[in-house]
Every structure is written in C-alpha cells, then in structure tokens.
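Those letters in the sequence shown? Residues 608 to 1031, by our numbering. From the three backbone atoms N, C-alpha and C, an ideal C-beta is built for every residue, glycine too. The structure under discussion appears below in the form of structure tokens.
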Amino acid sequence: MKQDNIIATQGLTNLFAGQPDMDSTDKKVEFIKTKLREFFNLKNVNFLFGAGTSNGAIDTMSELYKHLKFSEDEKNEEKEFKSIVAKEGENLENILKVMYSARNYYNGIHDDDKKAEDDITHYKELYDRLIKKIEGHIFDSINVDFATKECPKILGYYTTFYQKLAMRNKDLSRIRVFTTNNDLFNETALDSLNIHYINGFSGGLRRFFNPALFNYTWSKRMDTSIDKYEPIENLVYLYKIHGSINWRESTPLPGNFFEIEEFPSSDLTSDKACLIYPTPTKQDKSLGAPYVDLFREFQNKLLEPHSVLFVIGYGFNDRHVNDIIYRALATNSTINIVIFSSKPKDEDREKKPIFFVDDNRIFTFSGKVWDVDDEENKVEGSKHTINHFDYIVNELLPNLDAFKKEDNLVRFVNQLNNLTKDKK
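Quick look at the structure:
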C-alpha cells in the first residue's frame, strides 16, 4: 500500500480540497499528471532548471566547501580563507563575494609609500590566487566524467525528459529550456537522442554566440517541386543564462561582433571558461554579454501570451532570475508558473514571496511517496520526493505520442551499433 504527504496548491488553495476520491496516493498522483497535461496544451512551454536537476552528479555548495583542500605551499591562502570563513560562515557563495569585493578594493587603490604599496600588491596577488583556486575547484566539480559515479543515472533523467517532451505537436512552439546550470547534461542528452537544439551559437570550425539565432527554427522541405516547408519536430531551444563550462571569451572573426566562442568538451580549462560563479553579486556580472542577451530572451519569452513556466530544481536564490519571473506575473495575465518545490519557512517570506502570494496562476507540487507493508505497517524501500527531477521525469511528465516513432529509430540504431561492435 502506498502512503504520501503530497501537497498541491494553486495560489494558497489546496488543489485536493473539494476533489472527490482523493483518498489514495495513486489518485493524487494521477490528478497531478492530468493537471500537468493541461499545461502542455498551451502554445508556449518553458522550463527553468536549477542546480537540483543535476544534484547527485555535481556537488552542492556545502559539499564543495567540505572538499576544498589547501596544499603546504598555500598556507597564506588557507589562513586568509579561514579568516573569511570565521566572519561569513561555511558558505562558499558568501566567501567568494568577500573575495571579489576585496580584490576590487585592492585593484582600485594606490599608495606612494613603498611599504604600503607592497602590502597592496601582496593582497592583490593573494586574492587573485584564492579566487583562481576556488573558481577552479567549482569548475572541476562541474566538468564531470559522464561515465563515472552518479553521472549515468542523472544523464538518464535528462534523456528521459527530452524523450518525453521534445517532439511536441508541430503546430505548437518548441519547448524552451532555461538553465542556471553550467554543466553539459542537457547537451549530452540531446546529442544522444539526435535532437537538434539551438543554444545561440553558429558556425562550423568555430562557433560564436549570436542571440539572433533564438528567433530561427529548423524546417524541412515538404515537396521537392515547390518551396513549401514545415518546422521539424525534434528541436529544442536551450538558454544557459549563467554561461557554460565550454564557453570562452575569444577574438571574434571578421564580421562577428560577439566574443563568446563555444569549444568542444574535450578542450576545457577553468581559466578561460565563461560562466557566472555562484555569488550574491552575480546579478552585476549578468549585466554583461552574453548574459544580458540571454536574460532578455528569458524575459521576452515569459511575456508571450498563453505561456507556462515549469520550475524544477531552482531554489529562488538568484535575484535577477526572480525579478524576471515576478515581472512576468505582474504584466502577463495568461502566464502560469508551475513550481516543483516545497514551501519555504515563514522567515523566508521576504526572500521567496512567490510561495506566499495567493495567485491562481501559481501552482506548487511537493511531498513524498512511499510503500508501506500492509501487515506490519512498516515503510518498504525508500521514500520518493515528487518534486525531485527523477520522479518528475519518470512519473509525472506526459509522454508525448509524437515521440514513439523516434523512439523506434533510436532503438534500431542502438541495436545496430551493438551488433557491429560484436564483429570488430
């Protein structure tokens, strides 16, 4: 027998209240699935992925702090790091904020006294080394080997997500995925399924960023005798609003204004990566290119009529992202926001007001599901959190019929590859 503590709300109203036959877990889950299917009939379907979608394969901020180690040659760096921790606590985001501020301070002052100037230079170099070390530590945690540890399982969730949703009805807009993550799980999953995606980069030998590409689509010719085309079905728009580990600032080609270049995953280094590191001051960095273009796309897409934004794995800790969502709710009467997350505590009311607003366009789903032995009334196996990425993609999201044909193609290719490998 299944039991649960599932919570489903519309505004501040319990969605299960007043519904007949909501006395079992299966009926509650089916009710949520039906509600989600309704949203997929809207013209514009958007997703916002946060760190939670890659959780398990990539360390959280608290885990990154625990795993940060200093060598014998880094005693000065370790001493300064610990002095910041004593004031800010074991929060890597706040620690980085202090370091960025300190570096900016020392870069902006000058003293004619030689001893004072030497001290300034010392701290400039010290904070440069510290920041480089921590940014490299974060980069290494993101640049994962997809064949090790939990990565294959997490990649499987992404693959299932795109298998289910990428092939929408061609009369509706293609799905758009906005993500604050810098990893390559989305791209790897899409490539494995042979699904085309537009991420703002174009070119052959060298791929540079151009936001105009988000206004393009891929089409196929319907008749060889006439110029008649229709959009292809297997296409996704991917917006990495905090950058990516495979983006770098490069010298642009002639005729190309943008300096952001996409590199192969085999050629990645932390010193040249173009991404926004997690700090409370990241809103300031997001005002530069290419982030300003990506955030503008996010804002414009949420202002389109008859839109829905599914929020998965995002904790509403980014002020810039939050402001865009709030602005959309304030100006677009036809948007719906579907949040897979438990309600924060009352003390977070000011930080995350979206959970405390009584607005019928805001939906939240959270809770756990577990099996119980009928005779002994003991929990069997582990509890499943319905607002976690794995449960969402495996149990809640609809499987669009249009993809069944493509799934057969993928199965054929996999079997063919396995057979040809055996002969080699």
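Beta carbon of Phe1032 nearer than 9 Å to that of Glu869
The first residue shown for the chain is 608 and the last is 1031, placing residue 1032 beyond what the model contains.
Beta-carbon gap between Pro818 and Glu904 smaller than 9 Å: For the purposes of this step, residue 818 is taken as residue 211 along the sequence shown, with counting starting at 1. For the purposes of this step, residue 904 is taken as residue 297 along the sequence shown, with counting starting at 1. Yes. Within cutoff.
**Message:** Considering only the alpha carbon of each residue, which of Leu699, Lys771, Thr941 lies closest to Asn967?
**Reply:** The count along the sequence shown starts at 1 and reaches residue 967 at position 360. Minimum Cα distance to Asn967 is reached at Thr941.
- Message: Out of Ile613, Glu1002, Leu1026, which one is the CA nearest neighbour of Thr767?
- Response: Along the sequence shown, read from residue 1 onward, the residue named residue 767 stands at position 160. Out of Ile613, Glu1002, Leu1026, Glu1002 has the C-alpha closest to the C-alpha of Thr767.
ask   = What first and last residue would you give for the beta strand (DSSP E) that runs through Glu954?
value = What you label residue 954 is simply residue 347 of the sequence shown in a count that begins at 1. No beta strand (DSSP E) contains Glu954, which DSSP labels as neither H nor E.
ask   = For Val692, which residues of its own chain have a beta-carbon under 8 Å away from its beta-carbon, when the five flanking residues on both sides are left out?
value = Position 85 of the sequence shown, counted from the start, is the residue given in the question as residue 692. Counting only Cβ-Cβ distances below 8 Å, and skipping sequence neighbours, we find Ile702.
(message) Taking the alpha-carbon of Phe623 as reference, which of Phe638, Asn841, Thr660, Asp611 has the nearest alpha-carbon?
(response) Position 16 of the sequence shown, counting from 1, holds the residue named residue 623. Taking only the C-alpha atoms, the option nearest Phe623 is Phe638.
Just to confirm before moving on: does the CB-CB distance between Ile761 and Gly618 stay below 9 Å?
Position 154 of the sequence shown, counted from the first residue, corresponds to residue 761. Position 11 of the sequence shown, counted from the first residue, corresponds to residue 618. The answer is no: Cβ separation not under 9 Å.
*Would DSSP call Thr767 helix, strand or coil?*
Reading the sequence shown from its first residue, position 160 is the one you call residue 767. Looking at Thr767 - three-state DSSP - the assignment turns out to be helix.
Going by C-alpha to C-alpha distance, which of Leu1004, Phe947, Ser661 sits closest to Asn789? Here the question's residue 789 lines up with position 182 in the sequence shown. With distances taken between Cα atoms, Asn789 lies closest to Ser661.
Can you say whether Gln1022 is buried or exposed, counting buried as having 16 or more other CB atoms within 10 angstroms of its CB?
As a position in the sequence shown, residue 1022 is number 415, starting the count at 1. By the neighbour-count criterion, in which 16 or more other beta carbons inside 10 Å mark a residue as buried, Gln1022 falls on the exposed side.
Going straight from the alpha carbon of Phe972 to that of Glu700, what length do you get?
By one-based count along the sequence shown, residue 972 stands at place 365. By one-based count along the sequence shown, residue 700 stands at place 93. Answer to the nearest angstrom: the Cα atoms are 28 Å apart.
**OP:** Report the residue from Lys634, Thr620, Gly625 whose alpha carbon sits nearest the alpha carbon of Gln610.
**Re:** Locating residue 610 in the sequence shown gives position 3, where the first residue counts as 1. It is Lys634 whose Cα lies nearest to the Cα of Gln610.
For the 8 Å Cβ check, are there 3 or more pairs between the stretch 907 to 925 and the stretch 648 to 661? yes
Within this structure, are the beta carbons of Lys908 and Arg781 separated by less than 9 Å? Start at 1 with the first residue of the sequence shown, and residue 908 comes out as number 301. Start at 1 with the first residue of the sequence shown, and residue 781 comes out as number 174. Going by C-beta atoms, Lys908 is not nearer than 9 Å to Arg781.
### Task
Have a look at Asp999 and Ser948 and give me their C-alpha separation to the nearest angstrom.
By one-based count along the sequence shown, residue 999 stands at place 392. By one-based count along the sequence shown, residue 948 stands at place 341. Note that residue 999 corresponds to Ile in the displayed sequence, not to Asp. The alpha-carbon atoms of Ile999 and Ser948 are separated by roughly 11 Å.
Taking Pro912 as the reference, give the member of Lys835, Tyr836, Asn943 with the closest Cα. Residue mapping note: residue 912 aligns to position 305 of the sequence shown, counting from 1. Of the listed residues, the one whose Cα sits closest to Pro912 is Asn943.
*Mapping DSSP to helix, strand and coil, what is Thr787?*
For the purposes of this step, residue 787 is identified with residue 180 of the sequence shown, where counting begins at 1. Coil.
Quick one: is Glu840 buried, meaning 16 or more other Cβ sit within 10 Å of its Cβ, or exposed? Along the sequence shown, read from residue 1 onward, the residue named residue 840 stands at position 233. Burial is judged here by how many other beta carbons sit within 10 angstroms of a residue's own beta carbon; Glu840 has at least 16 and is buried.
query = How about Tyr672 and Glu645: are their beta carbons less than 9 Å apart?
reply = Residue 672 sits at position 65 when you count from the first residue of the sequence shown. Residue 645 sits at position 38 when you count from the first residue of the sequence shown. The answer is no: Cβ separation not under 9 Å.
Residue range of the alpha helix (DSSP H) that Gly743 falls in?
-> Counting from one through the sequence shown, the residue named residue 743 turns up at place 136. Counting along the chain, the alpha helix (DSSP H) containing Gly743 begins and ends at 721 to 749.
Note to self: Since Asp674 and Asp666 should fall inside the 8 Å C-beta cutoff, what is the C-beta to C-beta distance between them, to a whole number of angstroms?
What the structure shows: For this step, residue 674 is matched to residue 67 along the sequence shown. For this step, residue 666 is matched to residue 59 along the sequence shown. The displayed chain sequence assigns His, not Asp, to residue 674. About 7 Å; that satisfies the 8 Å criterion.
Relative to the C-alpha of Arg1032, which residue among Glu695, Thr786, Lys731, Glu687 is closest?
Here the chain covers residues 608 to 1031 and nothing more, so residue 1032 does not appear.
| task | Look up Gln890 in the DSSP assignment and say whether it is helix, strand or coil. | result | Taking the sequence shown and counting its residues from 1, the one referred to as residue 890 is at position 283. Caution is warranted here: a pLDDT of 45 is assigned to Gln890, below 50, making its placement in the model unreliable, and no coordinate value can be reported.
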